[in-house]
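Asker: Below you'll find the structure I mean.
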Amino acid sequence: MTPNSFRTLPDERGHFGQFGGRYVAETLMPLILDLEAEYRKAKADPAFQAEFDDLLEHYVGRPSPLYFAPRLTAELGGAQIWFKRDELNHTGAHKINNCVGQILLAMRMGKTRIIAETGAGQHGVATATVCARFGLPCTIFMGATDVARQQPNVFRMKLLGAEVVPVTAGAGTLKDAMNEALRDWVANVHNTFYIIGTAAGPHPYPELVRDFQSVIGREAREQLLSRTGRLPDLLVAAIGGGSNAIGLFHPFLDDSSVKMLGVEAAGHGLDKEHAASLAGGRPGILHGNKTYLLQDADGQITEGHSISAGLDYPGIGPEHAWLKEIGRVDYTSVTDKEALDAFQLLCRTEGIIPALEPSHAIAAVAKVAPTLPKDTIILANLCGRGDKDIFSVAEHLGVKI
Amino acid sequence: MTRLASAFAKGHPALVCFVTAGDPTPDATPAILDALVEGGADVIELGMPFTDPMADGPAIQLANLRSLGAGTTTADILRIATDFRTRHPDVPLVLMGYANPMTIRGPEWFADACAKAGVDGVICVDIPPEEDPELGPALRAKGISPIRLATPTTDDARLPAVLEGSSGFLYYVSVAGITGKQSAALDSIEQAMQRLKAHAEIPVAVGFGVRTPEQAGPIARVADGVVVGSALVDLIAEHGANAAEPVRKLVSALAQAVHSARKELA
């Protein structure tokens, strides 16, 4: 059965079909209920929306451009390729959109301290940035492995005044950072707001992160309509937790002619180590929500792997799990190697150095574009820039800097 | 009367002891559980290890890692429970852990397996009352007590929802935080107990941060039970496969303090 709209969820209990929900310790439950109530009020408050819009325009630099990529289109020889340029945002990725929204909520709730988890460091940098902007102390939890491979972002966070706590538990990556952030939050609920970086976690986070990121899709929809008079045929975005993808997809979900493709990280390959929760996982409960997870038969969570620290998470936002299950969005995956090739392809053809996360989306575009007629339009989200990744890319290419 | 109800009806406060199943190995757990019983524990909480124990402090996180590192599976835990029930027909056994390992094969499967293993109650840290349908109905259908947590942030308006559908006892987490870290001031526990007892018809046990007989005794004067976990888990970390004897000694001292608490008061 097809619903009348794909844009009405979550329900009042925070569920997207069987996914989502509020699977948290009792200590956090009252706070999560408060957050939901406050978010409902903020959403209905024109002053909140006006302040959010003003910051996005004058601080973040929105609207981000919509760019037609002529040489990449010619090289691939099929569909027209357009990019939503969210890598041109202040701090270099889409993450800042959500951080602006959440810190305004935190201040409405009277919270005086901010915590966040980060993988690639982009969300950590964006959180540290808004904390500096509003003068709130900020602690960022980051897996020790990620600290080592994302040094430039660690330094940025420190410059911005954040305390960066390396997490050595587990594999020292994003999920371990999220565990540690939750532990801190449980112990400091009275004054602390947790700015979650992706459209996952307990309700209402998947909803509010999606809403704050939907500025990407709303702008792109208007921009493409005004430039070409039509809607895209295919949207493409990379998925770790899935915030840039849901931000692009959501405003188009009820445009039935628009197909959508989410791209997970296949790491070394789906039969080896990877971070593709939809392709290689099954539904389970972690970090406050029910969603697709990489796990063993006993429900123990397995480590994700991706060349991209931002995609290296064994779960995915619950709305994506639902969109996959009902078939509205297609999901695929690309390997580390394919992402590296796409990274270089975009550098070479368009003079744009993408982050490794959207390089996964570009790799999927490179596969599908040649199979489509020249009058079709692919719109991909360029959700982050690659400055932070040049050292790890050099290492993978065997180049010493 | 259920085993859990009997444990809280002995005429003295109950000592509830937590250890992680399979820590340091599945083979070592039965002797440690026997030591808890011999030492005088009235209720046993057996932790189900999980890769991502978000509500636990360093001591129990490490216990989870040791157990999983030793290859502990859900089947091992159920076998440990089944064997415990054979050796100790009257001592209540509660499984405590996280939602994913409990629900991954379906709530009915888990409830059925618990019933067959002689498990009396289940504490699931990350299933609040709002998500009760995930596990609660299946447990209740098999006569297993869903045991809920109340915390300093659980206000009077929320308490009835926390108690609804729960049984066995109410676990009061005395500090807003993770296991094993700081401990709550006695007067704050006393105030909380008055508030909780006004709503709860079931016994209330107090835990988080209780490590010594000196701490446990005063809490037992105001609560129906006292939960000790991290201090026992620390002994297992220190003594490994030889932990049973030091565990028995600590439990014995704790049991004396808890069981005699109200006599001292009188």
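Protein chains in written order, with this note's numbering: chain W, 1 to 401; chain H, 1 to 266.
Backbone N, C-alpha and C fix where the C-beta goes; we use that ideal spot for every residue, glycine too.
(1) Which residues in the same chain have their Cβ closer than 7 Å to the Cβ of I278(H), if we skip the five residues on either side of it in sequence?
(2) Bridge partners for K259(W) per DSSP, in chain order?
(3) Within the present structure, is the beta-carbon of P204(W) separated from the nearest heavy atom of the ligand GDP by less than 6 Å?
(4) Can you tell me the Cα-Cα spacing of H305(W) and G119(W), whole angstroms?
(5) Whole angstroms is fine: what's the gap from G124(W)'s alpha carbon to V147(W)'s?
(6) Listed in chain order, which residues of the segment 29 to 45 of chain W have Cβ atoms closer than 8 Å to some Cβ of chain H?
(7) At the level of alpha carbons, what is the spacing between L102(H) and Q102(W)?
(8) What's the C-alpha gap between P251(W) and D155(H)?
(9) Along the chain, where does the beta strand (DSSP E) that runs through E403(W) open and close?
(10) For a contact defined as C-beta to C-beta under 8 Å, what are the partners of T29(H) on chain W?
(11) Under 7 Å between C-beta atoms, does T27(W) make it to chain H?
(12) Residues bridged to P283(W) by DSSP?
(13) Please confirm if the segment 152 to 164 of chain W is in contact with the segment 228 to 245 of chain W, defined as three or more CB-CB distances below 8 Å between the two stretches.
(14) Exposed or buried, N191(W), counting other C-beta atoms within 10 Å across all chains shown (16 or more means buried)?
(15) So, helix, strand or coil for N381(W), using DSSP?
(16) If you measure from the beta carbon of L62(H) to each beta carbon in chain W, is any gap under 7 Å?
(17) Check whether chain H comes within 7 Å of A74(W), counting only Cβ atoms and requiring the distance to be less than that.
(18) What do you reckon, are the CB atoms on G39(H) and V251(H) nearer than 7 Å?
(19) Residues bridged to Y194(W) by DSSP?
(20) Quick one: using the 10 Å Cβ neighbour count with 16 as the cut-off for buried, is T371(W) buried or exposed?
(21) Give me the residue from S230(H), A5(H), P26(H), A261(H) with the minimum Cα distance to P92(H).
(22) At what residues does the beta strand (DSSP E) containing T410(W) begin and finish?
(23) Is R22(W) helix, strand or coil by DSSP?
(24) Along the chain, where does the alpha helix (DSSP H) that runs through P166(W) open and close?
(25) What residues in the segment 300 to 333 of chain W bring their beta carbon closer than 7 Å to a beta carbon of chain H?
(26) Please list, in chain order, the chain W residues whose beta carbon lies closer than 7 Å to that of G177(H).
(27) Looking only at DSSP bridge pairs, what is C124(H) linked to?
(28) Could you check whether the Cβ of R218(W) sits closer than 7 Å to any Cβ belonging to chain H?
(29) Would you say T126(H) faces chain W, with C-beta separation under 7 Å as the test?
(30) Could you have a look at P65(W) and say whether DSSP puts it in helix, strand or coil?
(31) Quick test of your reading: P314(W) and L293(W), contact by CB under 8 Å. State the CB separation rounded to the nearest angstrom.
(32) Mind listing the chain H neighbours of Y23(W)? Cutoff is C-beta to C-beta under 7 Å, in chain order.
(33) Judging by CA-CA distance, which residue of R183(W), F155(W), R348(W), P152(W) is the nearest neighbour of V167(W)?
(34) Using DSSP with H/G/I as helix, E/B as strand and the rest coil, what is V130(W)?
(35) Got a sec? Which residues, its chain only, sit under 6 Å from Y23(W) by beta carbon, not counting five neighbours each side?
(36) Nearest CA to the CA of A361(W): which residue from T291(W), Q300(W), D375(W), G242(W)?
Answerer: This is what the structure holds:
(1) Any answer about residue 278(H) is impossible in this case: the structure gives chain H only from 1 up to 266.
(2) Residue mapping note: residue 259(W) aligns to position 259 of the first sequence, counting from 1. Per DSSP, L234(W).
(3) This structure simply doesn't include the ligand GDP, nor any ligand for that matter.
(4) Mapped onto the first sequence, residue 305(W) falls at position 305. Mapped onto the first sequence, residue 119(W) falls at position 119. Looking at the two C-alpha atoms, the distance is approximately 12 Å.
(5) Translated into positions along the first sequence, residue 124(W) becomes position 124. Translated into positions along the first sequence, residue 147(W) becomes position 147. Between G124(W) and V147(W), the C-alpha separation is close to 11 Å.
(6) M29, P30, L31
(7) As a first step, residue 102(H) must be located in the second sequence, where it is residue number 102. As a first step, residue 102(W) must be located in the first sequence, where it is residue number 102. According to the sequence provided, residue 102(H) is Met. The question's Leu does not apply to it. Taking the straight line from one Cα to the other gives about 33 Å.
(8) Within the first sequence, residue 251(W) is the residue found at index 251, counting from 1. Within the second sequence, residue 155(H) is the residue found at index 155, counting from 1. The straight-line gap from Cα to Cα measures roughly 39 Å.
(9) Only positions 1 to 401 of chain W appear in this structure, which leaves residue 403(W) out of reach.
(10) In the second sequence, counting from the first residue as 1, residue 29(H) sits at position 29. Simply none; closest approach about 16 Å.
(11) As a working note, residue 27(W) is residue 27 in the first sequence. Cβ-Cβ to chain H under 7 Å: yes for T27(W).
(12) The count along the first sequence starts at 1 and reaches residue 283(W) at position 283. Looking at the DSSP assignment, P283(W) forms a beta bridge with Y292(W).
(13) no
(14) Along the first sequence, read from residue 1 onward, the residue named residue 191(W) stands at position 191. Exposed, because fewer than 16 other Cβ atoms sit within 10 Å of the Cβ of N191(W).
(15) Walking along the first sequence from the start, residue 381(W) turns up at place 381. Of the three classes helix, strand and coil, the one that applies to N381(W) here is strand, per DSSP.
(16) Here residue 62(H) corresponds to residue number 62 of the second sequence, with the count starting at 1. With 7 Å as the cut-off, L62(H) does not count as an interface residue toward chain W.
(17) Position 74 of the first sequence, counted from the first residue, corresponds to residue 74(W). So, not an interface residue.
(18) Residue 39(H) sits at position 39 when you count from the first residue of the second sequence. Residue 251(H) sits at position 251 when you count from the first residue of the second sequence. For G39(H) and V251(H), yes; Cβs fall inside 7 Å.
(19) Taking the first sequence and counting its residues from 1, the one referred to as residue 194(W) is at position 194. Answer is I115(W), bridged to Y194(W).
(20) As a position in the first sequence, residue 371(W) is number 371, starting the count at 1. Label assigned to T371(W): exposed.
(21) What you label residue 92(H) is simply residue 92 of the second sequence in a count that begins at 1. Of the listed residues, the one whose Cα sits closest to P92(H) is A5(H).
(22) What the structure shows of chain W is the stretch from 1 to 401, and residue 410(W) is not part of that stretch, so it cannot be assessed.
(23) In the first sequence, residue 22(W) corresponds to position 22, counting from 1. Three-state DSSP puts R22(W) in a strand.
(24) Mapped onto the first sequence, residue 166(W) falls at position 166. Here P166(W) belongs to no alpha helix (DSSP H); instead the beta strand (DSSP E) covers 163 to 167.
(25) Q300, I301
(26) Against the second sequence, residue 177(H) aligns to sequence position 177. Simply V186, A187.
(27) For the purposes of this step, residue 124(H) is taken as the residue at position 124 of the second sequence. Answer is G97(H).
(28) The residue you call residue 218(W) lines up with position 218 of the first sequence. R218(W) does not count as touching chain H.
(29) Numbered from its first residue, the second sequence carries residue 126(H) at position 126. According to the sequence shown, residue 126(H) is Asp rather than Thr. It does: the Cβ of D126(H) has a partner Cβ on chain W nearer than 7 Å.
(30) Looking up residue 65(W) in the first sequence gives position 65. Reduced to three states, the DSSP call for P65(W) is coil.
(31) As a working note, residue 314(W) is residue 314 in the first sequence. As a working note, residue 293(W) is residue 293 in the first sequence. That pair is a contact at about 6 Å.
(32) In the first sequence, residue 23(W) corresponds to position 23, counting from 1. Per Cβ cutoff of 7 Å: A99, D126, I127, E131.
(33) Your numbering for residue 167(W) matches position 167 in the first sequence. The residue with the shortest Cα to Cα distance from V167(W) is R183(W).
(34) Within the first sequence, the letter at position 130 stands for residue 130(W). Helix, per DSSP.
(35) Here residue 23(W) refers to the residue found at position 23 of the first sequence. Cβ neighbours of Y23(W) beyond the five flanking positions: I285, G288.
(36) Taking the first sequence and counting its residues from 1, the one referred to as residue 361(W) is at position 361. For the residues T291(W), Q300(W), D375(W), G242(W), the minimum Cα distance to A361(W) belongs to G242(W).
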